[in-house]
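S.K.: Okay, handing you the structure first.
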Amino acid sequence: MKKEDLLARLRQNTRQQYDMPRMDDLQGITYADTYRQFVDMTKSVGGKVVEARKTDDLSRLIRNLYPDATTFATNLPYLAFAQRNPDTVEAAQQLDGTDVGIVEGSVGVAENGCIWVPQTMKEKAVCFISEYLVIILDRQNIVDNMHQAYRRVSFDPRYNFGTFISGPSKTADIEQSLVMGAQAARGVTVIVVAD
Amino acid sequence: MSTEHSRRAHDILKDARKVAHHDATFWGLRQGHDKMAQQLPEWESLRDHASAIKRHVVTHLADYLEQFSNQLEGRGVIAHWAKDAQEANEMVYGILESHKVTKLVKSKSMLTEEIGLNDFLMRRGIDVVETDLGERILQLMHRKPAHIVVPAVHITKEEVAQCFEEHGISHEHGNCDPTYLTYCARLSLRKEFLQAGAGLTGCNFGVASTGDIVVCTNEGNADMTTSMPKLHIVTMGIEKLVPDYESLAVFQRLLCRCGTGQPTTTYTSHFRQARPGAEMHVVLVDNGRSEMLANPDHWETLKCIRCGACMNTCPVYRRSTGASYTYFIPGPIGVNLGMLRDPRVYSDNVSACSLCMSCNCVCPAKVNPGSQIYLWRQMLDSIGKADKMKKVMSRGMSVLFDNQRLYAAALNVAPLANIVPDALTRSAKLNPWGIGHAKPEFAKQTFHKWWKKNNKRGGLK
């Protein structure tokens, strides 16, 4: 079918047109302690929160969090200990078997534990294929609700992909039993970095 | 019993324990919805905005589709326009064939169920692998989804275990622990993700102003589906658009809270272009939607965001299960979508409603499925689908209620019905209406007589 034919038919079949509603009267929830709400929500969706300072050695922190892990993957230049780099692997498949993937999030959302992770690496597979995911988030970038969050999301123009992640991959498809670690990360640790 | 839905429900209800479990499961989801709603002071405002935004989009659909496809094409995404199921299926197959793809991984998409894509591709030799755990279980068992959000809710863990053993996915005989089985599926699907030549996803929301394809999952399977293969195909209904991010926030906040009682899905992924070295195609499917728009009573069904809340709350769905409906989407919204698809084929489902309107109260986009079912029932006679016995009864009742003397006379003799044995009033042959309906006991004295005797001027004695 030609696009023009469909559009013409839609215009013809539209009976009465309705205006876009006012949006400025929609007030999203805010919290007295936004950070506390974000931490509680992250835990309730199955994630962990670890607090760090900007001066901390994140490489050591992460290795201590996952003492049994052998394969780390990231393209963050300040985490030089990682054996795999999603920018330089030839194919996404080569990231299979990664124990811990490490990425940066740019916006955290208190109402639901979502963190905006824009693709800033060649292979976004690192965000999903790794057994465990670490997301590094600046404490200043935590907002109350999704309305605020969507005003702040941005994309790396090279990749134009981004995802909100709230806790580990999960499913309740077998008799409604909640199981963490369906197809993507089996656990998520959010490292909240403050001054 | 008059309809296919009630016949199937009758059989299903023989297993009372299973039905009680089904009922409790979905009531649990409904309670989850309530908890979420109560935590947000702006809940009703969100619903009002969601409804108004969708009403606006659906009545400006051509403009938004133009904007959306321009955005997509601006980043090298290839847009395709499919009139119906056949065209959509051929387009997807054509894209796969031109890339010589033999294995396709896909995430959950109700649209692909609607158009029968999997069968179409498999008949042409493509290995189609569902990657949502529930859908994968159903695919391996050759069963149909019983719900749009939790499709395998009717399968027991023992059945899953047996199925996984038969397919070599589980190697521990008799182990039906959900955590173990989920892990087995993870390992098995991992291989499929790594080997597939293409990944196909649905689309929860298309953002017109930016060209984002937004896909929401808890498992991350849509992301795995699109992270390895060099080809990403999106199939989406043309009604899936929202104008911009400001509106998207409203729907993102409502979708999962309404559907499963979670504050969000784990992943809300935004696809704007193909990943490096890959190709991205979006197949926009009409398949009757442009016709629905012209239906004066039912065009607002197009506002539906497929959250499943109307099924979870529906007392008929909860007690008759997805398997008793004849359209592939069950519950209140499925009754409506079936009637829009073909009222002659799917009219059996309109009886699956007690008109309690609970669905109207939970629907995030205010589609009002219950009110629409009422309207569909009013047109059954015009397509020759009205129940003959009910027609006779209705005619009888209008004679009775229109004639005051006849009505009074009938009431005087009504208590005689009290001495008719139950075996007669509940005989399927003599009175099918009596099945499942208790016979009321008629009072010995009519209300009229009682009133005349007791109500002297100035009120009751």
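Top to bottom, those sequences are chains A and B.
Heads up: the first sequence begins at 1 in our numbering, then just goes up one per residue.
Heads up: the second sequence begins at 196 in our numbering, then just goes up one per residue.
Glycine included, C-beta positions come from ideal geometry on N, C-alpha and C.
Which residues share a DSSP beta bridge with residue 150 of chain A?
M.R.: Locating residue 150 of chain A in the first sequence gives position 150, where the first residue counts as 1. DSSP lists no partner for residue 150 of chain A.
S.K.: With a cut-off of 8 angstroms on the beta carbons, I'd call residue 142 of chain A and residue 108 of chain A a contact; round off their distance for me.
M.R.: If you number the first sequence from 1, residue 142 of chain A lands on position 142. If you number the first sequence from 1, residue 108 of chain A lands on position 108. Contact holds; Cβ gap of about 4 angstroms.
S.K.: Residue ranges of each alpha helix (DSSP H) run of no fewer than 4 residues wholly in the segment 207-274 of chain B, ordered along the chain?
M.R.: As far as the segment 207-274 of chain B is concerned, its whole alpha helix (DSSP H) runs of at least 4 residues are 211-234, 238-253, 256-269.
S.K.: Within 7 angstroms (strictly less), CB to CB, does residue 154 of chain A reach chain B?
M.R.: By one-based count along the first sequence, residue 154 of chain A stands at place 154. For residue 154 of chain A, the answer is no, since every Cβ of chain B falls outside 7 angstroms of its Cβ.
S.K.: Who are the neighbours of residue 162 of chain A on chain B, taking C-beta pairs under 7 angstroms?
M.R.: Here residue 162 of chain A corresponds to residue number 162 of the first sequence, with the count starting at 1. Near residue 162 of chain A (Cβ distances below 7 angstroms), the residues of chain B are 465.
S.K.: Less than 7 angstroms between the C-beta atoms of residue 144 of chain A and residue 74 of chain A, yes or no?
M.R.: Residue 144 of chain A sits at position 144 when you count from the first residue of the first sequence. Residue 74 of chain A sits at position 74 when you count from the first residue of the first sequence. Their beta carbons are not under 7 angstroms apart, which means residue 144 of chain A does not touch residue 74 of chain A by this criterion.
S.K.: Are the segment 541-556 of chain B and the segment 564-574 of chain B touching, with three or more C-beta to C-beta distances below 8 angstroms?
M.R.: The segment 541-556 of chain B is in contact with the segment 564-574 of chain B.
S.K.: Since residue 356 of chain B and residue 333 of chain B are thought to touch, with beta carbons under 8 angstroms apart, how far apart are those beta carbons, to the nearest angstrom?
M.R.: Counting from 1 along the second sequence, the entry for residue 356 of chain B is found at position 161. Counting from 1 along the second sequence, the entry for residue 333 of chain B is found at position 138. With a Cβ gap of about 15 angstroms, residue 356 of chain B and residue 333 of chain B do not count as contacting.
S.K.: From residue 579 of chain B to residue 265 of chain B, what distance separates their C-alpha atoms?
M.R.: Locating residue 579 of chain B in the second sequence gives position 384, where the first residue counts as 1. Locating residue 265 of chain B in the second sequence gives position 70, where the first residue counts as 1. In a straight line, the C-alpha of residue 579 of chain B is about 45 angstroms away from that of residue 265 of chain B.
S.K.: Using a C-beta cutoff of 7 angstroms, does residue 85 of chain A count as contacting chain B?
M.R.: Numbered from its first residue, the first sequence carries residue 85 of chain A at position 85. Answer no: the Cβ-Cβ gap between residue 85 of chain A and chain B never drops below 7 angstroms.
S.K.: Checking the sheet assignment: what are the DSSP bridge partners for residue 662 of chain B?
M.R.: Residue 662 of chain B is absent from the model: chain B starts at 196 and stops at 656.
S.K.: Would residue 585 of chain B be called buried (16 or more neighbouring beta carbons within 10 Å of its own) or exposed?
M.R.: As a working note, residue 585 of chain B is residue 390 in the second sequence. Exposed, by the Cβ-count rule.
S.K.: Taking the DSSP output, what are the residues bridged to residue 132 of chain A?
M.R.: Counting from 1 along the first sequence, the entry for residue 132 of chain A is found at position 132. In DSSP, residue 132 of chain A forms a bridge with A:100, A:187.
S.K.: Put residue 558 of chain B into one of helix, strand or coil per three-state DSSP.
M.R.: Along the second sequence, one-based indexing puts residue 558 of chain B at 363. Looking at residue 558 of chain B - three-state DSSP - the assignment turns out to be coil, as it is neither helix nor strand.
S.K.: Checking 7 angstroms against the spacing of the C-beta atoms, do residue 459 of chain B and residue 112 of chain A come in under that value?
M.R.: Mapped onto the second sequence, residue 459 of chain B falls at position 264. Mapped onto the first sequence, residue 112 of chain A falls at position 112. Yes, the Cβ-Cβ distance between residue 459 of chain B and residue 112 of chain A is below 7 angstroms.
S.K.: Does residue 130 of chain A get closer than 7 angstroms to chain B when you measure Cβ to Cβ?
M.R.: On the first sequence, position 130 is the one that residue 130 of chain A refers to. False, the Cβ-Cβ gap to chain B never drops below 7 angstroms.
S.K.: Given that residue 6 of chain A touches chain B, what residues does it touch there, using C-beta distances under 7 angstroms?
M.R.: Taking the first sequence and counting its residues from 1, one reaches residue 6 of chain A at position 6. Those are 276, 481, 485, listed as they occur along chain B.
S.K.: Given a cut-off of 7 angstroms, decide if residue 384 of chain B and residue 183 of chain A are closer than it, judged by their beta-carbon atoms.
M.R.: For the purposes of this step, residue 183 of chain A is taken as residue 183 along the first sequence, with counting starting at 1. For the purposes of this step, residue 384 of chain B is taken as residue 189 along the second sequence, with counting starting at 1. A contact, by the Cβ cut-off of 7 angstroms.
S.K.: Does the distance from the C-beta atom of residue 37 of chain A to that of residue 110 of chain A stay below 7 angstroms?
M.R.: Stepping through the first sequence from its first residue, residue 37 of chain A is reached at position 37. Stepping through the first sequence from its first residue, residue 110 of chain A is reached at position 110. Against a cut-off of 7 angstroms, the Cβ pair of residue 110 of chain A and residue 37 of chain A comes out as a contact.
S.K.: Given a limit of 9 angstroms on CB to CB distance, which residues of the segment 96-114 of chain A reach chain B?
M.R.: Hits within the stretch, in order: 96, 109, 111, 112, 113, 114.
S.K.: Where do the N-terminal and C-terminal ends of the alpha helix (DSSP H) with residue 442 of chain B fall, by residue?
M.R.: Working through the second sequence from its first residue, we reach residue 442 of chain B at position 247. 440-454 is the span of the alpha helix (DSSP H), which, as asked, contains residue 442 of chain B.
S.K.: Mind listing the chain A neighbours of residue 622 of chain B? Cutoff is C-beta to C-beta under 8 angstroms, in chain order.
M.R.: Counting from 1 along the second sequence, the entry for residue 622 of chain B is found at position 427. Going along chain A, no residue has its Cβ under 8 angstroms from residue 622 of chain B, so there is no contact; the nearest lies around 40 angstroms.
S.K.: Could you list the residues in the segment 167-181 of chain A with a C-beta less than 9 angstroms from some C-beta on chain B, going in chain order?
M.R.: Here the close residues are 167, 168, 169, 170, 171, 172, 173, 174, 175, 176, 177, 178, 179, 180, 181.
S.K.: Could you round the C-beta distance between residue 327 of chain B and residue 303 of chain B to whole angstroms and report it? I think they count as a contact, below 8 angstroms.
M.R.: Stepping through the second sequence from its first residue, residue 327 of chain B is reached at position 132. Stepping through the second sequence from its first residue, residue 303 of chain B is reached at position 108. About 4 angstroms; that satisfies the 8 angstroms criterion.
S.K.: For the 8 angstroms Cβ check, are there 3 or more pairs between the segment 465-482 of chain B and the segment 426-433 of chain B?
M.R.: With the cut-off at 8 angstroms, the segment 465-482 of chain B and the segment 426-433 of chain B touch.
S.K.: Could you give the DSSP three-state label for residue 642 of chain B: helix, strand or coil?
M.R.: Position 447 of the second sequence holds residue 642 of chain B. In the structure shown, residue 642 of chain B sits in a helix (DSSP, three-state: H, G or I).
S.K.: Apply the 10 Å Cβ neighbour rule to residue 239 of chain B and answer buried if 16 or more other Cβ atoms are within range, or exposed otherwise.
M.R.: Taking the first residue of the second sequence as 1, we reach residue 239 of chain B at position 44. That one is exposed.
S.K.: Give me the residue from B:642, B:388, B:581 with the minimum Cα distance to residue 322 of chain B.
M.R.: Position 127 of the second sequence, counting from 1, holds the residue named residue 322 of chain B. Closest by alpha carbon: B:388.
S.K.: Go ahead and pull the three-state DSSP assignment for residue 45 of chain A.
M.R.: One-based indexing of the first sequence puts residue 45 of chain A at position 45. The answer is coil: DSSP assigns residue 45 of chain A none of H, G, I, E or B.
S.K.: Thinking C-beta only, is residue 488 of chain B closer than 7 angstroms to residue 245 of chain B?
M.R.: Taking the first residue of the second sequence as position 1, residue 245 of chain B is located at position 50. Taking the first residue of the second sequence as position 1, residue 488 of chain B is located at position 293. Not a contact, by the Cβ cut-off of 7 angstroms.
S.K.: Can you tell me where the beta strand (DSSP E) with residue 661 of chain B in it begins and where it stops?
M.R.: As displayed, chain B neither begins before 196 nor continues past 656, which places residue 661 of chain B out of reach and without an answer.
S.K.: Return the first residue and the last residue of the beta strand (DSSP E) that residue 159 of chain A is part of.
M.R.: The residue labelled residue 159 of chain A in the question sits at position 159 within the first sequence. Unbroken run through residue 159 of chain A: none, as it is neither H nor E.
S.K.: For residue 47 of chain A, count neighbouring C-beta atoms within 10 Å of its own C-beta (all shown protein chains included) and say buried if the count is 16 or more, exposed if not.
M.R.: Here residue 47 of chain A refers to the residue found at position 47 when the first sequence is read from its first residue. That one is buried.
S.K.: Does the Cβ of residue 440 of chain B have 16 or more other Cβ atoms within 10 Å, making it buried, or fewer, making it exposed?
M.R.: By one-based count along the second sequence, residue 440 of chain B stands at place 245. Buried.
S.K.: If contacts are defined as beta-carbon pairs under 8 angstroms, then residue 128 of chain A and residue 422 of chain B qualify, I think. What distance do you get, rounded to the angstrom?
M.R.: Residue numbering aside, residue 128 of chain A sits at position 128 when the first sequence is read from its first letter. Residue numbering aside, residue 422 of chain B sits at position 227 when the second sequence is read from its first letter. With a Cβ gap of about 6 angstroms, residue 128 of chain A and residue 422 of chain B count as contacting.
S.K.: Nearest to residue 640 of chain B by alpha carbon, out of B:634, B:649, B:633?
M.R.: By 1-based counting over the second sequence, the position of residue 640 of chain B is 445. Minimum Cα distance to residue 640 of chain B is reached at B:649.
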